[in-house]
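**Q**
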Amino acid sequence: MRVATWNVNSIRARVDRTVDWLVREDVDVLAMQEIKCKPEQFPYEKFAEAGYDVQLTGLSQWNGVAFASRLPMTDVATHFDGQPGFLKGAEGPDQPIEARAIGVTVAGMRLWSLYVPNGRSLDDPHLVYKLDWLARLRDETQRWIAANDGAPIALMGDFNIIPTDEDNGDPTIVVGVSTHVSPEERAAFAAFGDIGLVDTVRPFVPTGYTYWDYKQLRFPRNEGLRIDFILGSQSFADLVTAASIHRDERKGEAPSDHVPVLVELDDVDGEDDDRPMIF
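In this text, residue positions in the sequence shown follow this note's numbering: the first is -8, and each later residue adds one.
1) Comparing alpha-carbon positions, which option in E40, I152, A22, A(-5) lies nearest V172?
2) Hey, could you find the ends of the beta strand (DSSP E) D44 is sitting in?
3) If you reduce the DSSP assignment to three classes, tell me which class S104 lands in.
4) Can you list the beta strand (DSSP E) stretches of 3 or more residues lying completely in the stretch 1 to 43, in chain order?
5) Please tell me whether S235 and L222 are closer than 9 Å, where the distance is taken between their beta carbons.
6) How would you call W53, buried or exposed, if buried means at least 16 neighbouring beta carbons within 10 angstroms?
7) Please classify E255: does DSSP put it in a helix, a strand, or coil?
8) Does DSSP put W203 in a helix, in a strand, or in coil?
9) Could you tell me if D258 is buried or exposed, where buried requires 16 or more neighbouring beta carbons within 10 angstroms of its beta carbon?
10) Is it true that the CB of P30 sits closer than 9 Å to the CB of T299?
11) Based on DSSP bridge pairs, tell me the residues matched to A234.
12) H249 bridges to which residues according to DSSP?
Here's what the structure looks like:
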């Protein structure tokens, strides 16, 4: 089974690239971020022609997350319990929930596609929101793990955090000046390890970035960031047999600024999907 995550940066602009990659790489489940559309605007037909069902949450031309799967998806949730909201300039507990999280169950695994808030700057309320969002996600994930007796779970997507200096190749991202590398953000990321989640990709791919800014020739200079992850419980990680970062998807015409990250799993929950792909 092949499971992947990709911040596609507008699915309507990149649907052909996305579906082509899914078919070419024989991917079973793809978590997408920044789809940037409402449900009625999503290009379902292209995915259906390739044999994929889609679940999504999207509210406008911003944010939005989705799953495309050729295996059945159940228990769809368009936010996690306790997910905080945000509205610039507003205060109080009842802010609107953004389209940043969707969860599905596939082959007995709980999978989340996540687009973590950016944070914007070290003195911006959006950073407070980001840290709160991550803390609530961690707490809810810990509760789910405790209640589900070792069932596999994976948090996949764009975390907008650079966990270590080795994950940062962009000279403009500086500790003490920039978001994504602040001690508070790195501690929030490390807290997922404290509840038993592990980076399922790095053991197989010791170097490499997942994002390159469109500006200043960042990609030709390989001045990238590693901010896209597949964090899994130990029961999920134990199924992973290989992983890859698909750097070449940053090339060509109108690419996303992110590239896909993929893991290969042993047969899950008795699944042996030998259906032919639809081309």
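Virtual Cβ for every residue (Gly too), placed ideally from N, Cα, C.
Only a predicted model underlies this, so the values are computations on that prediction, with no experimental measurement involved.
**A** With the given structure in hand:
1) Numbered from 1 along the sequence shown, position 181 holds the residue referred to as residue 172. Comparing Cα-Cα distances from V172 to each of E40, I152, A22, A(-5), the minimum goes to I152.
2) On the sequence shown, position 53 is the one that residue 44 refers to. Taken as a continuous stretch (DSSP letters only), the beta strand (DSSP E) holding D44 covers 44 to 48.
3) Within the sequence shown, the letter at position 113 stands for residue 104. The answer is strand: DSSP assigns S104 an E or B state.
4) 20 to 24
5) Position 244 of the sequence shown, counted from the first residue, corresponds to residue 235. Position 231 of the sequence shown, counted from the first residue, corresponds to residue 222. It is not a contact, given that the beta carbons lie outside the stated cut-off.
6) For this step, residue 53 is matched to residue 62 along the sequence shown. With fewer than 16 other Cβ atoms within 10 Å, it is exposed.
7) The residue labelled residue 255 in the question sits at position 264 within the sequence shown. Looking at E255 - three-state DSSP - the assignment turns out to be strand.
8) If you number the sequence shown from 1, residue 203 lands on position 212. Three-state result, W203: coil.
9) Against the sequence shown, residue 258 aligns to sequence position 267. Exposed, by the Cβ-count rule.
10) Residue 299 lies beyond the stretch modelled for the chain, which goes from -8 to 270, so this question has no answer here.
11) Taking the sequence shown and counting its residues from 1, one reaches residue 234 at position 243. Answer is V254, bridged to A234.
12) For the purposes of this step, residue 249 is identified with residue 258 of the sequence shown, where counting begins at 1. Note: H249 sits in a beta bridge opposite Y202.
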